[in-house]
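First up is the structure itself, then whatever we jot down about it.
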Ligand SMILES: CC(C)(COP(=O)(O)OP(=O)(O)OC[C@H]1O[C@@H](n2cnc3c(N)ncnc32)[C@H](O)[C@@H]1OP(=O)(O)O)[C@@H](O)C(=O)NCCC(=O)NCCS
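Rendered as structure tokens:
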């Protein structure tokens, strides 16, 4: 990959860039994140740099070369103490479409696993939807196993699929 990027935890001061990045990928989600709960601002308020949740952001090192907000090319969000105090939940994952299939998603997931492992977590949960074969393939390649399916949960013929992984 010709672009050089680094991954770090987000800070409160990244708020606007984080919101803008989610807006850019909003329609890759079904339903779009802007149409869920309190929308994107509420999601970011709950998930950005709190004791229970945060994002890891992949940023281009030469961010001035990009029009992307804050040079962000990908982001993973996680909520801790999900089912119990040893588990966490991936509440967001996206890579900007121009940077996909280059290992950025995999690198974000690896960093998250390392961080959570150091903090004593041993299981990660997440979900996706059945009309998203890219994500299903991605998670299965990374060692996640599907353990539950809710049929038609996201509309006629679109199921929610729950995954977990031991780290
Ligand atoms: C899912 C997503 C995050 C993957 O990110 P990415 O940076 O393109 O993925 P990577 O390049 O790290 O790929 C890791 C593995 O997943 C596989 N994979 C990724 N995208 C894939 C696709 N579209 N089809 C098939 N396999 C795919 C890769 O082949 C790769 O396997 P490898 O390690 O054997 O080479 C990205 O497609 C995305 O942002 N999608 C839109 C948002 C979304 O669906 N998020 C998940 C919601 S639950």
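Numbering (the UniProt record's numbering), first residue to last: 1 to 167.
For each residue, glycine too, the CB sits at the ideal point set by N, CA and C.
Relative to ligand 1, even the nearest heavy atom lies 7 Å or more away from the CB of residue 88.
Considering only 69, 129, 106, the residue with the shortest C-alpha distance to residue 157 is 129. Under the DSSP assignment, residue 40 falls in the alpha helix (DSSP H) whose first and last residues are 39-47. Between the C-alpha atoms of residue 70 and residue 16 there is a straight-line separation of about 9 Å. The beta carbon of residue 148 sits closer than 6 Å to the beta carbons of 162 from its chain, once the five residues preceding and following it are set aside; these are given in chain order. Here residue 114 is exposed: its Cβ has fewer than 16 other Cβ atoms, across all protein chains shown, within 10 Å. Rounded to the nearest whole angstrom, the C-alpha separation of residue 90 and residue 126 is 5 Å. Straight-line measurement puts the Cα of residue 66 at about 17 Å from the Cα of residue 19. For residue 164, the enclosing beta strand (DSSP E) covers residues 160-166.
Taking a cut-off of 8 Å for Cβ pairs, the region 33-43 and the region 106-113 do not touch, as fewer than three such pairs fall below it. C-alpha of residue 119 to C-alpha of residue 55: approximately 15 Å in a straight line. In summary, residue 87 is buried, with 16 or more beta-carbon neighbours lying within 10 Å of its beta-carbon over all protein chains present.
The residue among 60, 131, 48, 85 with its C-alpha nearest the C-alpha of residue 98 is 60. Here residue 75 is not near residue 29, since their CB atoms are 8 Å or more apart.
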